[in-house]
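Protein chains in written order, with the numbering used here: chain A, 228 to 528; chain B, 34 to 277.
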Amino acid sequence: MKKIVEVKNVTKCFGKTTAVNDISLTIKKGSTVAILGPNGAGKTTTISMMLGLLEPTAGEVKLFGEDPKQLTVRNRIGAMLQEVSVIDQLKVREVIELFRSYYTHPLSTEELISVTGLHEDVLKKWANKLSGGQKRRLGFALALAGNPDLLFFDEPTVGLDITARKNFWDKVSMLKTQGKTIIFTTHYLQEADDFSERIILFNNGEIVADGKPDDIKNNISTRSVSFQSRDKHAAMTLVESFEEVIHCYEKEDRIYAVTNDTDAVLAKVFSQGLPVKHVFVEQGRLEEVFDLLTSKQKGVL
Amino acid sequence: MHAIMTQCKFEMVRIFRNPYFVFWSLFMPILFYFIFTNIVDTGVTDEDEWQAYYLMSMTTFSVMGSAIMNFGIRMVQEHSEGWSAYMKLTPFPSWAYFASKMFGQLTIHLLSIFIVFLAGFIINDVSLTASQWIFSGIWILIASIPFLALGSLVGTMRKVETASGVSNVIYLALAILGGMWMPVRIFPSFLQRLAEWLPSYHFSDGAWNIVQGASPDWQSYFVLTAYLCIFLLLAVFIRRKQEA
Numbered sequence: 228m229k230k231i232v233e234v235k236n237v238t239k240c241f242g243k244t245t246a247v248n249d250i251s252l253t254i255k256k257g258s259t260v261a262i263l264g265p266n267g268a269g270k271t272t273t274i275s276m277m278l279g280l281l282e283p284t285a286g287e288v289k290l291f292g293e294d295p296k297q298l299t300v301r302n303r304i305g306a307m308l309q310e311v312s313v314i315d316q317l318k319v320r321e322v323i324e325l326f327r328s329y330y331t332h333p334l335s336t337e338e339l340i341s342v343t344g345l346h347e348d349v350l351k352k353w354a355n356k357l358s359g360g361q362k363r364r365l366g367f368a369l370a371l372a373g374n375p376d377l378l379f380f381d382e383p384t385v386g387l388d389i390t391a392r393k394n395f396w397d398k399v400s401m402l403k404t405q406g407k408t409i410i411f412t413t414h415y416l417q418e419a420d421d422f423s424e425r426i427i428l429f430n431n432g433e434i435v436a437d438g439k440p441d442d443i444k445n446n447i448s449t450r451s452v453s454f455q456s457r458d459k460h461a462a463m464t465l466v467e468s469f470e471e472v473i474h475c476y477e478k479e480d481r482i483y484a485v486t487n488d489t490d491a492v493l494a495k496v497f498s499q500g501l502p503v504k505h506v507f508v509e510q511g512r513l514e515e516v517f518d519l520l521t522s523k524q525k526g527v528l
Numbered sequence: 034m035h036a037i038m039t040q041c042k043f044e045m046v047r048i049f050r051n052p053y054f055v056f057w058s059l060f061m062p063i064l065f066y067f068i069f070t071n072i073v074d075t076g077v078t079d080e081d082e083w084q085a086y087y088l089m090s091m092t093t094f095s096v097m098g099s100a101i102m103n104f105g106i107r108m109v110q111e112h113s114e115g116w117s118a119y120m121k122l123t124p125f126p127s128w129a130y131f132a133s134k135m136f137g138q139l140t141i142h143l144l145s146i147f148i149v150f151l152a153g154f155i156i157n158d159v160s161l162t163a164s165q166w167i168f169s170g171i172w173i174l175i176a177s178i179p180f181l182a183l184g185s186l187v188g189t190m191r192k193v194e195t196a197s198g199v200s201n202v203i204y205l206a207l208a209i210l211g212g213m214w215m216p217v218r219i220f221p222s223f224l225q226r227l228a229e230w231l232p233s234y235h236f237s238d239g240a241w242n243i244v245q246g247a248s249p250d251w252q253s254y255f256v257l258t259a260y261l262c263i264f265l266l267l268a269v270f271i272r273r274k275q276e277a
């Protein structure tokens with residue numbers, strides 16, 4: 228499969244702070260990739276470098292095997308940035324027409340309008356006087372104007388209501404079936420889990436996990452045994468000493484023992500006669516993986 | 034090419050939709066022209082000559098205004114609102130973007146010249162020979178380029194508020210001290226000497242010469258070219274520094 232995006236040992240520093248620290252990744256044609264991570268993890272910085280808006284301090288970024296700043300590359304990409312900025316004194320329809328003229332093989336205005344669901348009355352409005360949701364739609368239309376092979380969406384659904392959000396993802400799924408490569412950033416886990424084939428998890432400017440959503444969930448142990456106990460301190464000390472237990476924490480009056488082998492932990496808990504009640508065995512959710520990977524317990528990797 | 038044409042077209046549409054442009058570059062010069070050639074008694078002996086002279090003053094005033102204010106402030110606005118960054122994602126090269134803006138702006142100058150000339154013709158029945166109309170028009174169009182360079186210098190400022198404040202002051206100072214509002218000959222002598230170093234004075238002076246049957250002085254060519262170079266170099270230098 229062809230590599231559409233290649234990031235090699237890229238570092239970006241702003242003054243003394245390192246926003247992105249020596250990351251490498253490649254993205255194949257036709258894949259949908261979520262760049263996930265908490266605020267300030269380096270997602271937007273990475274996207275900006277992929278787009279050629281920021282120059283890496285060290286390392287190299289290539290799109291379609293070329294410098295992202297090449298006009299031939301730009302002719303094949305489309306992007307919706309966090310802040311949709313719009314030119315003034317032009318109507319929505321005119322901005323779309325202007326943008327289409329920049330590309331060699333633009334989508335027709337009708338197609339753009341139908342894909343983004345911009346209504347006739349919105350098309351007549353001043354582009355810089357749209358509501359937040361309408362601005363997003365226009366941003367989406369502008370990203371698609373050149374019928375790009377590679378699309379970037381930086382936090383595309385922030386500030387959208389549930390219907391608009393669903394709408395957006397429906398369109399993205401449609402673009403996916405057309406074979407487009409899609410890269411989006413989000414801090415909503417559910418979106419990354421639902422709409423991507425691959426999650427690249429960022430934290431503190433580094434990639435802490437990279438793989439299929441299911442693999443990420445499975446590879447990292449988040450199964451746990453939890454219980455309540457009268458003598459929490461003693462119970463915790465004992466459970467922590469089990470070799471199967473990766474780590475142990477207390478939350479909402481329950482003690483959680485994270486492990487790969489819930490059966491063994493359960494057997495030990497009962498064989499050692501711990502005074503426990505309300506025992507649960509839980510399979511981790513992606514949120515927990517996320518918390519785990521982006522919190523101090525990075526060591527489990 | 035299609036992209037450049039479309040960009041030019043929309044740049045012009047945007048300028049005409051800008052109320053400040055319509056007010057400062059069309060309404061005000063025409064109003065001033067009407068007032069100072071019809072209402073205020075300026076005590077001039079040769080009425081016809083004054084009407085033609087002042088028409089040139091007001092046309093240059095109009096064109097200089099849109100060059101400094103419109104062009105410069107737009108650039109600041111597009112920069113501060115992230116539009117310029119967004120443009121970098123498109124395959125439309127930045128030189129083409131800049132060239133389209135320049136070309137669009139020059140076309141607007143041509144239209145402004147035509148409209149103000151027409152107003153002079155209608156209001157005062159100003160009569161010049163065909164070649165005087167044409168050459169003064171061409172002079173104003175071409176000699177407006179140093180002011181576009183000044184506009185792009187304004188365009189390097191970071192905030193729209195600063196840019197519009199500063200360009201307003203420059204614009205009015207250049208207009209008044211350069212003799213666009215009232216002739217330099219009624220100024221005290223030190224101001225007359227100062228005017229001879231201002232681009233605005235030479236901008237108008239070239240047109241005044243043409244309507245009086247002469248041609249622009251070589252000093253005007255020289256001063257305007259010098260200012261063009263200074264403004265351009267400064268603008269490029271500041272941009273480089275900002276991008277570094």
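From the three backbone atoms N, C-alpha and C, an ideal C-beta is built for every residue, glycine too.
Check	Outcome
Applying the 10 Å Cβ sphere with the 16-neighbour rule, what's the burial state of B/L183?	buried
Thinking B/Y87 and B/Y66 are a contact (beta carbons under 8 Å), I'd like their distance in whole angstroms, please.	6 Å
If you drop the 5 nearest sequence neighbours on each side, which residues of the same chain put their C-beta closer than 6 Å to that of B/F264?	A182, L183, L186
Could you give the first and the last residue of the continuous beta strand (DSSP E) run that contains A/S456?	451-456
Kindly say whether A/Q309, judged by its beta-carbon, lies nearer than 7 Å to any beta-carbon of chain B.	no
Would B/Y254 be called buried (16 or more neighbouring beta carbons within 10 Å of its own) or exposed?	exposed
In whole angstroms, what separates the C-alpha of A/W353 from that of B/K134?	20 Å
Less than 7 Å between C-beta atoms, sequence neighbours within five positions excluded: which residues of the same chain meet that for B/I271?	T189
Give the DSSP-derived three-state secondary structure of A/F291 in the structure shown.	coil
Need the endpoints of the beta strand (DSSP E) that A/Y476 sits in, please.	472-478
Can you tell me the Cα-Cα spacing of A/S453 and A/T390, whole angstroms?	37 Å
Just the chain A side, please: which residues come within less than 7 Å of B/N51 by C-beta, in chain order?	Q316
Are A/S312 and B/G115 close, meaning C-beta to C-beta below 7 Å?	yes
Report the rounded CA-to-CA distance for A/S451 versus A/K504, giving the unit in angstroms.	15 Å
Do B/V217 and B/M89 come within 7 Å of each other at the CB atom, strictly closer than that value?	no
Given a threshold of 16 other Cβ atoms within 10 Å of its Cβ, counted over all protein chains shown, does A/E418 qualify as buried or as exposed?	buried
What span of residues does the beta strand (DSSP E) with A/G500 cover, start to end?	Segment: none, A/G500 is in no beta strand (DSSP E) and carries neither H nor E.
State the DSSP-derived secondary structure class of B/M45, mapped to helix, strand or coil.	helix
Rounded to whole angstroms, what is the Cα-Cα separation between B/W57 and B/R191?	23 Å
From which residue to which residue does the alpha helix (DSSP H) around A/T273 run?	270-277
What separation, rounded to the nearest whole angstrom, lies between the Cα atoms of B/N103 and B/I48?	7 Å
For A/S451, decide whether its Cβ has a neighbour in chain B, counting only Cβ atoms nearer than 7 Å.	no
With H, G and I counted as helix, E and B as strand and the rest as coil, what does DSSP make of B/L122?	coil
In chain B, which residues lie with their C-beta within 8 Å of the C-beta of A/E321?	F43, V46
Per DSSP, A/A436 forms a beta bridge with which residues?	A/L428
Candidates A/I262, A/F380, A/F367, A/Y483: which alpha carbon is nearest A/E338's?	A/F367
DSSP three-state label for A/G526, please.	With a pLDDT of 44 at A/G526, under the threshold of 50, the modelled position of that residue is not reliable, and the figure given next carries that caveat. Looking at A/G526 - three-state DSSP - the assignment turns out to be helix.
Going by Cα to Cα distance, which pick from B/C262, B/P232, B/A247, B/F136 is closest to B/M97?	B/P232
Identify each residue in the segment 115-138 of chain B for which the Cβ-Cβ distance to at least one residue of chain A is less than 7 Å, and report them in chain order.	G115, W116, A118, Y119, K121, L122, T123, P124, F125, P126
What residues in the segment 322-344 of chain A have a beta carbon less than 8 Å from any beta carbon of chain B?	E324, L325, F326, S328, Y329, Y330, T331
Is the segment 283-291 of chain A touching the segment 232-239 of chain A, taking contact as three or more C-beta pairs under 8 Å?	yes
Got a sec: is the Cβ-Cβ distance from B/A196 to anything in chain A below 7 Å?	no
Using a 10 Å radius around the Cβ and a threshold of 16 neighbouring Cβ atoms, would you call B/Q275 buried or exposed?	exposed
Is the Cβ of A/A306 closer than 7 Å to any Cβ of chain B?	yes
Give the DSSP bridge partners of A/C240, in chain order.	A/T245
According to the neighbour-count rule (16 or more other Cβ atoms, all chains shown, within 10 Å of its Cβ), is A/A494 buried or exposed?	exposed
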